[in-house]
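Peer 1: Numbering (our numbering), first residue to last: 25 to 501. Below is a structure I'd like to ask you about.
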Ligand SMILES: Nc1ncnc2c1ncn2[C@@H]1O[C@H](COP(=O)(O)OP(=O)(O)OP(=O)(O)O)[C@@H](O)[C@H]1O
Ligand SMILES: [Mg+2]
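Here it is as structure tokens:
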């Protein structure tokens with residue numbers, strides 16, 4: 025039905041993102057798109073969705089060559105994309121966001137549209153608070169709004185760019201059910217992911233990109249090892265060594281309480297992190313982790329309680345776009361955000377040294393980027409994250425707060441960030457790892473706590489708690 029033929033994409037800064045990729049999509053098919061950070065997955069799909077024009081190559085739909093001048097042309101051809109970073113207006117309600125598709129909001133939202141949207145939501149089994157500002161919605165719900173938007177516009181081909189990286193495990197299950205339902209209706213779904221088990225559970229076909237080229241196409245029975253090898257070549261195995269045991273306390277939290285619109289989001293949280301300790305807070309997202317981190321980094325004042333941090337703090341936030349980078353500034357600016365004082369000379373910034381520093385981070389942490397002058401926006405999602413991790417871990421901090429530090433990272437880069445976190449721990453920092461990824465928690469933690477409904481319900485040394493116990497605590501049992 026749809027063919028991408030020999031697609032090339034060269035960006036204005038010279039980045040050769042796609043080197044002759046061909047791909048076919050059939051009705052009623054789920055295709056998973058895998059590949060390392062920067063492999064070209066998002067770029068390829070943005071070309072199909074009309075966001076970018078290919079430098080060379082063609083798109084053929086039902087035998088006819090098409091040229092998309094923008095996303096709205098692709099919409100008309102039945103192709104819609106739900107982006108890696110969602111693109112709704114946060115101040116508006118879900119309903120207003122969708123009404124915007126019809127033009128300015130002057131006349132409010134018409135009843136007929138609302139009825140159709142509610143029908144659509146019901147048929148998918150989605151719950152959506154239509155009148156709630158999008159900015160206040162949990163990420164899973166925002167994503168559901170985007171999917172409804174795409175289907176409302178009549179999408180026959182739905183592209184989901186890393187749709188599960190923002191979701192909790194039950195939400196992931198819900199999304200996978202939705203994908204199956206869309207498939208049974210004869211729609212095509214392209215599912216970009218870094219998680220091999222997800223790809224295997226949902227896809228009819230798995231396509232692997234590497235450095236802008238298609239390096240493999242597999243059926244659903246391919247082995248995970250083969251996929252990893254196609255993605256990264258021979259994976260480099262880092263030694264994940266733990267050296268030395270916990271020392272003095274560097275972070276102490278006592279009896280924290282916080283409220284949101286009258287409801288408690290933190291209910292008496294106490295915890296401690298010592299040098300040479302990774303203390304992991306496990307739990308399904310939305311159980312108070314966000315409020316806890318906000319208090320620790322002084323973005324929120326607690327109603328009650330105490331936080332004591334000894335020494336320098338590094339912070340790897342879960343949302344790099346709003347908290348860690350300025351997308352429209354070059355990497356050199358982004359590399360020194362928050363550490364800029366190190367680069368001052370007679371009251372002005374020493375840009376020469378700042379550029380050297382940015383270049384060093386790019387090299388040491390293998391950030392795929394043309395150089396310090398590239399705009400942060402032009403980096404692939406995973407490479408943006410690498411730069412943030414690089415900057416924060418280069419601070420020589422005593423306390424590191426890492427909130428979902430490997431979200432959106434490919435298999436190899438995830439391993440690398442894990443090694444870096446262990447390195448700073450071994451060198452004497454205390455790390456508070458807040459993660460809903462249980463594998464990550466089990467691999468890295470010296471101490472594990474579980475958060476549920478604003479409380480820490482269990483804290484134990486990692487060796488003395490089973491996966492079952494953690495799972496139960498996460499579910500509030
Ligand atoms: N607007 C742009 N300008 C310049 N280079 C770009 C732009 N968008 C993407 N790139 C580059 O193109 C390459 C492919 O990026 P793309 O975002 O498609 O990767 P990806 O496979 O989606 O990675 P990730 O898993 O990290 O999201 C990267 O080297 C990236 O830096
Ligand atoms: Mg991407």
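Note that the Cβ used here is the ideal one computed from N, Cα and C, for glycine as well. For clarity, every value in this text was computed on a predicted model and none was experimentally measured.
1. What residue ranges within the stretch 53-129 form continuous beta strand (DSSP E) runs of no fewer than 3 residues, ordered along the chain?
2. Please classify residue 453 as buried or exposed, where buried requires at least 16 neighbouring CB atoms within 10 angstroms.
3. Using a Cβ-Cβ cutoff of less than 7 Å, which residues in the same chain neighbour residue 246 once the five nearest sequence positions on both sides are dropped?
4. Taking a contact to mean a Cβ-Cβ separation below 8 Å, would you say residue 502 touches residue 396 in this structure?
5. Can you give the Cα-Cα distance for residue 100 and residue 143, rounded to whole angstroms?
6. Using 7 Å as the cut-off, classify the Cβ of residue 404 as near or not near the heavy atoms of ligand 2, replying yes or no.
7. For residue 281, which residues does DSSP report across the bridge?
8. Can you give me the C-alpha to C-alpha distance between residue 374 and residue 366, rounded to a whole angstrom?
9. Please classify residue 209 as buried or exposed, where buried requires at least 16 other C-beta atoms within 10 Å of its C-beta.
10. Assuming residue 470 and residue 301 make a contact with CB atoms under 8 Å, what is their CB distance in whole Å?
11. Considering only DSSP beta bridges, list what residue 27 is partnered with.
12. Can we count residue 428 as close to ligand 1, meaning its CB is less than 7 Å from some heavy atom?
13. Based on the DSSP secondary-structure assignment, which residues constitute the bridge partners of residue 178?
14. Assess, as a yes-or-no matter, whether the stretch 313-330 is touched by the stretch 394-410 under the definition of 3 or more beta carbon pairs within less than 8 Å.
15. Give the secondary structure of residue 136 by DSSP, where H, G and I count as helix, E and B as strand, and everything else as coil.
16. Spatial neighbours of residue 427 within its chain, please: CB distance less than 7 Å, with the 5 preceding and 5 following residues excluded, ordered by chain position.
17. Looking at residue 65 and ligand 2, is the gap between the Cβ and the nearest heavy atom below 7 Å?
18. Kindly indicate which three-state DSSP category residue 220 falls into: helix, strand or coil?
19. Give the DSSP-derived three-state secondary structure of residue 489 in the structure shown.
20. In the DSSP assignment, the alpha helix (DSSP H) including residue 208 goes from what residue to what residue?
21. What would DSSP say about residue 475, mapped onto helix, strand or coil?
22. Identify whether residue 457 lies in helix, strand or coil by the three-state DSSP scheme.
23. Exposed or buried, which one is residue 501 when buried takes at least 16 other CB atoms within 10 Å?
24. By Cβ distance, which residues of its chain are closer than 8 Å to residue 495, with the 5 residues on each side in sequence left out?
25. Helix, strand or coil for residue 414, going by three-state DSSP, please let me know.
26. Would you say residue 294 and residue 277 are within 8 Å of each other, going by their C-beta atoms?
27. Does the distance from the C-beta atom of residue 179 to that of residue 153 stay below 8 Å?
28. Since residue 314 is in the beta strand (DSSP E), which residue starts that stretch and which ends it?
29. Excluding the 5 residues flanking residue 63 on each side, which residues of the same chain have their C-beta closer than 6 Å to its C-beta?
30. For the 8 Å Cβ check, are there 3 or more pairs between the stretch 64-80 and the stretch 30-40?
31. Mind checking which residues open and close the beta strand (DSSP E) that includes residue 234?
32. Looking at ligand 2, does it come within less than 7 Å of residue 343, judged from the CB to the closest heavy atom?
33. Does the beta-carbon distance from residue 105 to residue 73 come in below 8 Å?
34. Tell me whether residue 491 is buried or exposed, calling it buried when 16 or more other Cβ atoms sit within 10 Å of its Cβ.
35. Could you compute how far the alpha carbon of residue 38 sits from the alpha carbon of residue 67?
36. Are there any heavy atoms of ligand 1 lying less than 7 Å away from the beta-carbon of residue 358, as far as the coordinates show?
Peer 2: Reading off the structure:
1. 54-59, 80-85, 88-90, 103-106
2. Position 429 of the chain shown, counted from the first residue, corresponds to residue 453. When all chains shown are included, residue 453 counts as buried.
3. Position 222 of the chain shown, counted from the start, is the residue given in the question as residue 246. Answer for residue 246: 230, listed in chain order.
4. In the structure displayed, the chain extends from 25 to 501; residue 502 sits before or after that span and is not available.
5. Working through the chain shown from its first residue, we reach residue 100 at position 76. Working through the chain shown from its first residue, we reach residue 143 at position 119. Going by the C-alpha atoms only, they are around 22 Å apart.
6. By 1-based counting over the chain shown, the position of residue 404 is 380. Checking every heavy atom of ligand 2 against the Cβ of residue 404, one is found closer than 7 Å.
7. Locating residue 281 in the chain shown gives position 257, counting from the first residue. According to DSSP, which records beta bridges pairwise, residue 281 is partnered with 291, 328.
8. Residue mapping note: residue 374 aligns to position 350 of the chain shown, counting from 1. Residue mapping note: residue 366 aligns to position 342 of the chain shown, counting from 1. Rounded to the nearest angstrom, the two C-alpha atoms are 9 Å apart.
9. Taking the chain shown and counting its residues from 1, the one referred to as residue 209 is at position 185. So residue 209 ends up on the exposed side.
10. As a working note, residue 470 is residue 446 in the chain shown. As a working note, residue 301 is residue 277 in the chain shown. So it is a contact: roughly 5 Å between Cβ atoms.
11. Residue 27 sits at position 3 when you count from the first residue of the chain shown. Answer is 48, 84, bridged to residue 27.
12. Against the chain shown, residue 428 aligns to sequence position 404. Answer for residue 428: no, Cβ out of range of ligand 1.
13. Reading the chain shown from its first residue, position 154 is the one you call residue 178. Answer is none; residue 178 lacks a bridge partner.
14. no
15. Here the question's residue 136 lines up with position 112 in the chain shown. Correct three-state label for residue 136: helix.
16. Your numbering for residue 427 matches position 403 in the chain shown. Here the set comprises 317, 340, 341, 342, 458.
17. For the purposes of this step, residue 65 is taken as residue 41 along the chain shown, with counting starting at 1. At least one heavy atom of ligand 2 is nearer than 7 Å to the Cβ of residue 65, so yes.
18. Taking the first residue of the chain shown as 1, we reach residue 220 at position 196. Reduced to three states, the DSSP call for residue 220 is helix.
19. In the chain shown, the residue the question calls residue 489 occupies position 465. In this structure, residue 489 counts as coil in the three-state DSSP scheme.
20. Residue numbering aside, residue 208 sits at position 184 when the chain shown is read from its first letter. Counting along the chain, the alpha helix (DSSP H) containing residue 208 begins and ends at 193-208.
21. Position 451 of the chain shown, counting from 1, holds the residue named residue 475. Residue 475 falls in the strand class under three-state DSSP.
22. In the chain shown, the residue the question calls residue 457 occupies position 433. Residue state, collapsed to three classes: strand.
23. As a position in the chain shown, residue 501 is number 477, starting the count at 1. Exposed, by the Cβ-count rule.
24. Locating residue 495 in the chain shown gives position 471, where the first residue counts as 1. For residue 495, where only same-chain residues beyond five positions count, the Cβ hits under 8 Å are 462.
25. In the chain shown, counting from the first residue as 1, residue 414 sits at position 390. It is helical.
26. As a first step, residue 294 must be located in the chain shown, where it is residue number 270. As a first step, residue 277 must be located in the chain shown, where it is residue number 253. Yes, the pair counts as a contact, with Cβ atoms nearer than the cut-off.
27. The residue you call residue 179 lines up with position 155 of the chain shown. The residue you call residue 153 lines up with position 129 of the chain shown. The answer is no: Cβ separation not under 8 Å.
28. As a first step, residue 314 is located in the chain shown; it is residue number 290 there, counting from the start. Looking at the DSSP string, residue 314 is not in any beta strand (DSSP E); the run it does join, the alpha helix (DSSP H), is 313-320.
29. The residue you call residue 63 lines up with position 39 of the chain shown. Closer than 6 Å at Cβ, skipping near neighbours: 233, 234.
30. yes
31. The residue labelled residue 234 in the question sits at position 210 within the chain shown. Its beta strand (DSSP E) spans residues 229-234.
32. Locating residue 343 in the chain shown gives position 319, where the first residue counts as 1. For ligand 2, not one heavy atom lies less than 7 Å from the Cβ of residue 343.
33. Here the question's residue 105 lines up with position 81 in the chain shown. Here the question's residue 73 lines up with position 49 in the chain shown. Against a cut-off of 8 Å, the Cβ pair of residue 73 and residue 105 comes out as a contact.
34. By one-based count along the chain shown, residue 491 stands at place 467. Exposed: under 16 other Cβ atoms inside 10 Å.
35. Indexing the chain shown from 1 puts residue 38 at position 14. Indexing the chain shown from 1 puts residue 67 at position 43. Those two C-alpha atoms are separated by around 14 Å.
36. Position 334 of the chain shown, counting from 1, holds the residue named residue 358. No - ligand 1 has no heavy atom lying nearer than 7 Å to the Cβ of residue 358.
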